[in-house]
Amino acid sequence: MTPSGDNGAVLHQWATELFPICRSITGNGLRESLRYIASLIPGFEIQEIASGSTVFDWVVPDEWNISDAYIEDSSGTRVIDFKNNSLHVVNYSTAVDTTLTRTELEQYLHTHPYSETAIPYVTSYYSPRWGFCLSQNQKKSLGDGPFHVVINSSHTKGSLSYGDVVIKGESEEEILFSTYLCHPSMANNELSGPVVSAALARSVLQMDSRHYTYRFVFIPETIGSIAYLSKHLQHLKRTVRAGWVLTCIGDERAYSFLPSRNGNTLADRVSKQMINESSDHFDFYSYLDRGSDERQYCSPRVDLPVASLMRSKYGTYPEYHSSLDDLNLVTPTGLDGGLKMMQSVIRILENEKRWNSTAVCEAQLGKRGLYPSLSTAESAKEVAGLVNVLAYCDGTWSDREIAELCLLSLSQVQEHIAVLSGAGLIHLGL
109 MTPSGDNGAV LHQWATELFP ICRSITGNGL RESLRYIASL IPGFEIQEIA SGSTVFDWVV
169 PDEWNISDAY IEDSSGTRVI DFKNNSLHVV NYSTAVDTTL TRTELEQYLH THPYSETAIP
229 YVTSYYSPRW GFCLSQNQKK SLGDGPFHVV INSSHTKGSL SYGDVVIKGE SEEEILFSTY
289 LCHPSMANNE LSGPVVSAAL ARSVLQMDSR HYTYRFVFIP ETIGSIAYLS KHLQHLKRTV
349 RAGWVLTCIG DERAYSFLPS RNGNTLADRV SKQMINESSD HFDFYSYLDR GSDERQYCSP
409 RVDLPVASLM RSKYGTYPEY HSSLDDLNLV TPTGLDGGLK MMQSVIRILE NEKRWNSTAV
469 CEAQLGKRGL YPSLSTAESA KEVAGLVNVL AYCDGTWSDR EIAELCLLSL SQVQEHIAVL
529 SGAGLIHLGL
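Everything in the sequence shown is counted per our numbering, starting at 109 for the first residue and increasing by one.
Structure, rendered in structure tokens:
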């Protein structure tokens, strides 16, 4: 790599090197991709969860691997070849070696509903079937057959792979960044999240000091987050103060924000502050528009404070889930913009202090000399600012946010915080 630092050109090179690997929710392609990420992040560890393991309401599926697949015409020419593009095979296809007429083959072919040139991305993880994906133009030119159809794949008792790294800070309070690494040969929907996450982890490692502990998770989408939560849920519920799912973060179109289910967590508020400070255009979505791993992190009885910051949101851009989502759509400039956005999030988290009350229920201010000993109609007004600031010291509101909520200046809030801290009534963090 000739570019210096983790700039957009370096990130694009990482994506270029990962792009040809045929990934899925399990298998050697996923492991190979995780090993590549491990080469970028010191301390990154790869873990395995055995096929058949129960993870909440789900079961880890058999491991899938594929070595070759093609449709061959009567002259022996491969008219569709998996080795040219891994999207050509329905992901998780069962093995097949047969000869079919054109009519018989039709039921196993999938094309993009709108584009004549795009190869669609199609999966069948939990129902055994096989199939091929091709452009409308390729389908038109197939001919009459017969066709020799081959998929050399296997479903075996193996495992699901994931990787993570925990970068310690002064506090045990954690900030979670989660991304998925399971789609074949797509750049924005797949590789932009992992390469930006890797660069972000490297930048956190280079920080001179950090208050928070940072957890970076690389998983297969949906089943991976469910499996990860099944292993770490109680720890995450105890320690995670904010989190983000990183996906679709590498093109040059508008930025996007999708809130947590709660809508007012620390992750939501920090995201909104970053957006307010930014000169870039943002599209805003509802939690009802969810579609990635925020579904798991924010689900009932998990309910972690996780939001999503993206560039073009998944499902909204025309190249989505097709071969058009390529390394031309994702650019060095787009990736660099996504990385800088998330670095701004970390800057806000680290620079804005959040305080928490040491008392359960309302603290008695009088015995600490902070409340007038004579109760009159005016006494409450004398300490209203102090009492209001204390009311918002629950570990989630920053000094700046408390000032806005209490209709005070930032300096007034900081004065009250100094008094409360000196009296032992509040401390940093949760």
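Even for Gly, the Cβ is constructed at its ideal location relative to N, Cα and C. Please read all numbers here as calculations on a predicted model, not as lab measurements.
Excluding sequence positions up to five away, which residues of its chain have a Cβ less than 7 Å from the Cβ of residue i?
i	result
A531	R476, L478
T441	G116, E360
G151	V273
Q381	I456
G446	S300, V304, I357, G358, R419
S112	Low confidence applies to S112: its pLDDT is 49, below 50, so where it sits in the model is not reliable, and the reading given next is rough at best. Taken in chain order, the list of residues that qualify is empty.
R508	E460, L518
H256	E180, T207
P254	S182, T207, L208, T209
S529	none
G580	Here the chain comprises residues numbered 109 to 538, so residue 580 is not present and cannot be evaluated.
Kindly examine the ligand NAP and report whether one of its heavy atoms sits closer than 8 Å to the Cβ of residue i.
i	result
I525	No copy of the ligand NAP occurs in the structure displayed, which carries no ligand at all.
Could you tell me the boundaries of the alpha helix (DSSP H) in which residue i lies?
i	result
N459	440-459
T504	That residue, T504, is in no alpha helix (DSSP H); its beta strand (DSSP E) goes 502-506.
Y144	136-148
L250	Here L250 belongs to no alpha helix (DSSP H), and DSSP marks it neither H nor E.
E523	518-530
Looking at the unbroken beta strand (DSSP E) that takes in residue i, where does it start and where does it end?
i	result
N260	255-264
A226	Careful: A226 lies outside any beta strand (DSSP E) and carries neither H nor E.
Q155	153-158
G271	267-275
Y322	321-327
I534	534-536
CB-CB under 8 Å to residue i, same chain, minus the five flanking residues each way: which ones, in chain order?
i	result
A226	H220, S243, E427, S430, S431, L432
A511	S517, L518, Q520, V521
K421	C356, S364, L366, D391, Y393, D397
T202	P236, R237, W238, I259, S261, H263
R310	D114, L148, I149
Report the partner residues of residue i according to the DSSP bridge assignment.
i	result
T207	H256
H218	C241
N173	S262
F285	F324, W352
S235	Looking at the DSSP assignment, S235 forms no beta bridge with any residue, so it has no partner.
D540	Nothing about residue 540 can be reported from this structure: the residues present for the chain run from 109 to 538 only.
N192	Its beta-bridge partners do not exist; DSSP assigns none.
A464	Position check: residue 464 holds Asn in this sequence, whereas Ala was assumed. Paired residue(s): D502, H535.
V579	This structure gives no information on residue 579, because the portion of the chain shown stretches from 109 to 538.
R186	E180
Three-state secondary structure (DSSP) at residue i?
i	result
V168	coil
E125	helix
A415	strand
H60	Any answer about residue 60 is impossible in this case: the structure gives the chain only from 109 up to 538.
N496	helix
H291	coil
Y178	strand
S197	Reading off the sequence, residue 197 comes out as Val, not Ser. In the structure shown, V197 sits in a strand (DSSP, three-state: E or B).
N436	coil
R409	coil
N296	helix
A471	coil
I133	coil
K421	coil
G477	coil
R318	coil
G113	coil
V118	helix
V491	coil
S311	helix
E278	coil
Residues in its own chain within less than 6 Å of residue i by CB, not counting five upstream and five downstream?
i	result
E282	T321, R323, T347, V348
L284	R323, V348, G351
M109	Caution applies to M109, whose pLDDT of 33 falls short of 50 and renders its modelled position unreliable; the model cannot decide the point.
L289	S141, P302, F326
S416	V353, L366, E402
L148	A306
N199	S132, T231
N296	C356, G358, D359, D433, L437, V438
C88	In the structure as shown, the chain begins at 109 and stops at 538. Residue 88 is therefore absent and cannot be evaluated.
E523	none
Taking 9 Å as the CB-CB limit, is residue i close to chain D?
i	result
D376	Among the protein chains of the structure shown there is no chain D, as only one such chain exists.
Sequence ranges, alpha helix (DSSP H) only - wholly within the segment 329-398, length at least 4 = 331-347, 374-385
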